[in-house]
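J.: Just so we're aligned, residue 12 is where the sequence shown starts under the working numbering, counting upward by one.
From the three backbone atoms N, C-alpha and C, an ideal C-beta is built for every residue, glycine too.
Computed from a prediction, not measured in an experiment: that's the story for all the values here.
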Amino acid sequence: MAKNIKLNNHNFSIICSDPGGSSIILKYLNENKLKPKSLFLTNTSKKIFKKKYYKFQTNNKKYFLNSASVFITGTSWKSNLEKKFIAKNKNKDIKIISFLDSWFNYKKRFEIDGGFIFPHEIWTFDKYAYAIAKNKFPNVKIRRKFLRNKPKKVKKKKNNNLLYITEPISEVAHKMYKNKNYFKFNEKKALDVFLKKSKDIFGKFNHIFIRIHPNEKKEKYFKIINKYKNLPIKLSNKSLSYDLSNCSKVIGVASNVLFLALNNGNQIFSTVSKKNIKLRLPFKKIKHLNLI
């Protein structure tokens, strides 16, 4: 039975549609020196896997389905690609493993057509995600896998730069809850309030680097950024590992980049209140700025 097969080199294929899922899958592959048989990706996830994995990519659904006995999926909030794959193929003689890359909206990630569809296994990568998944999905096999969770080492620079991480909050709210205002604020307000209060909170700093989420267009933030010409703001076009080495403090709402930053030794801050249970990260070392 395929359900009992373990994940090994070249015996699995990957279907993934968003940057968060792609990033954690790629990290797992790299740390365990694994290569897939085939990849079925969206344009957004292709940007994460990059050239190293081009030769494994396919757009042929029939070839993809017959390429392996084990399949890894992401758990996208934006697309139904992975959920449709699970629903259509779960009862076939294959094994499906879904990688969780967040700490929010777990059930919504498996909801489709008014019901829920779950893989054979759900894999988590930290103790917080594991505890939440065990609680939310008592009838699904949950595994905790270990990652080093540290970005590629880049020599740290001595500076006082701030890194702000954007997130498509209103799009997530609309997709998952059919209400853009479900979280009572959006990504533009989060950035606006942070920039307005940045000097009051952090005093003197060299630069604010803004890192745009892969699912967003930078132009949506231009109007807000132009309001604060008195601030030394720059849009980042560097790698994440470079940004984390170049900035001592990392600020966001609830991005999983904050988790990577924490493990990298950066100071991390969330703009939301600690009382906001809808978007509260579970890490003890995070500082809440209570701005929204």
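Where K62 and S250 are concerned, what is the direct C-alpha to C-alpha distance, given to the nearest angstrom?
T.: Going from the Cα of K62 to the Cα of S250 covers about 15 angstroms.
J.: Express the C-alpha separation of A140 and S87 in angstroms, rounding to a whole number.
T.: Cα to Cα, the separation comes out at about 16 angstroms.
J.: Using only CA atoms, which one of I235, Y188, N301, N277 lies nearest to N287?
T.: Of the listed residues, the one whose Cα sits closest to N287 is N301.
J.: So F148 and A265 are in contact, right, with Cβ under 8 angstroms, and what is the actual spacing, rounded?
T.: 21 angstroms between Cβ atoms; not a contact.
J.: Between which two residues does the beta strand (DSSP E) containing V81 stretch?
T.: V81 -> beta strand (DSSP E) spans 81-84.
J.: Where in the segment 241-300 do unbroken runs of the beta strand (DSSP E), each at least 3 residues long, occur, reported from the N-terminal end onward?
T.: Those beta strand (DSSP E) runs which fall completely within the segment 241-300 and span 3+ residues are 244-246, 260-263, 278-281.
J.: Could you give the DSSP three-state label for R159: helix, strand or coil?
T.: Of the three classes helix, strand and coil, the one that applies to R159 here is coil, per DSSP.
J.: Could you tell me whether the Cβ atoms of K245 and F205 are closer together than 7 angstroms?
T.: Contact flag unset, no.
J.: Does the beta-carbon of D124 have 16 or more other beta-carbons within 10 angstroms, so that it is buried, or is it exposed?
T.: D124 should be labelled exposed.
J.: S56 bridges to which residues according to DSSP?
T.: According to DSSP, which records beta bridges pairwise, S56 is partnered with nothing at all.
J.: Who are the Cβ neighbours of I153 in its own chain at under 6 angstroms, not counting the five residues just before and after it?
T.: The answer, listed in chain order, is I133, A144, K145.
J.: Under the rule that 16 or more other beta-carbon atoms within 10 Å means buried, what is Y175, buried or exposed?
T.: That one is buried.
J.: Taking C-alpha atoms, which residue in F270, I180, K289 lies nearest to K138?
T.: The shortest C-alpha separation from K138 is found at F270.
J.: With distance defined between alpha-carbon atoms, name the residue in K231, Y193, P225, L242 nearest to D308.
T.: With the chain represented from 12 up to 303, any question about residue 308 goes unanswered, as that position is not in the structure.
J.: Determine which residues share a DSSP beta bridge with G126 and list them.
T.: Answer by DSSP bridge pairing, in chain order: I123.
J.: Which same chain residues, not among the five before or five after N172, have their C-beta less than 7 angstroms away from its C-beta?
T.: Once the five neighbours on either side are set aside, the close Cβ partners of N172 are F216, N217, H218, F220, N257, C258, S259.
J.: Grab me the residues of K14's own chain with a C-beta within less than 7 angstroms of its C-beta, minus the 5 sequence neighbours each way, in chain order.
T.: For K14, where only same-chain residues beyond five positions count, the Cβ hits under 7 angstroms are K106, H131.
J.: What are the boundary residues of the beta strand (DSSP E) that I221 is part of?
T.: Element bounds for I221: 219-222.
J.: Do the CB positions of A79 and I128 come within less than 7 angstroms of each other?
T.: No, the pair does not count as a contact, with Cβ atoms beyond the cut-off.
J.: What three-state label does DSSP hand Y64 in the structure shown?
T.: Helix.
J.: Where does the unbroken alpha helix (DSSP H) through E230 begin, and where does it stop?
T.: Run containing E230: none; DSSP gives neither H nor E here.
J.: I180 by DSSP, collapsed to three states: which one?
T.: Residue state, collapsed to three classes: helix.
J.: Closest to K94 by CA distance: which of D104, K103, S109 is it?
T.: Minimum Cα distance to K94 is reached at S109.
J.: Could you tell me whether the Cβ atoms of I262 and F280 are closer together than 7 angstroms?
T.: It is a contact, given that the beta carbons lie within the stated cut-off.
J.: Is A184 closer than 7 angstroms to K195 when the C-beta atoms are compared?
T.: No.
J.: Since I believe I83 is in contact with F23 (beta carbons under 8 angstroms), could you give me their beta-carbon distance rounded to a whole number of angstroms?
T.: Rounded, the Cβ-Cβ distance is 6 angstroms, consistent with contact.
J.: Relative to the C-alpha of F213, which candidate in K66, K298, F136, K57 has its C-alpha closest?
T.: It is K298 whose Cα lies nearest to the Cα of F213.
J.: Measure how close the beta-carbons of S49 and G85 come, nearest whole angstrom, since I'm counting them as under 8 angstroms.
T.: About 15 angstroms; that fails the 8 angstroms criterion.
J.: Are the CB atoms of K89 and K186 nearer to each other than 7 angstroms?
T.: In contact: K89 and K186 (Cβ atoms closer than 7 angstroms).
J.: Rounded to the nearest angstrom, what separates N226 and N267 at their Cα positions?
T.: Each residue's Cα considered, the two are about 14 angstroms apart.
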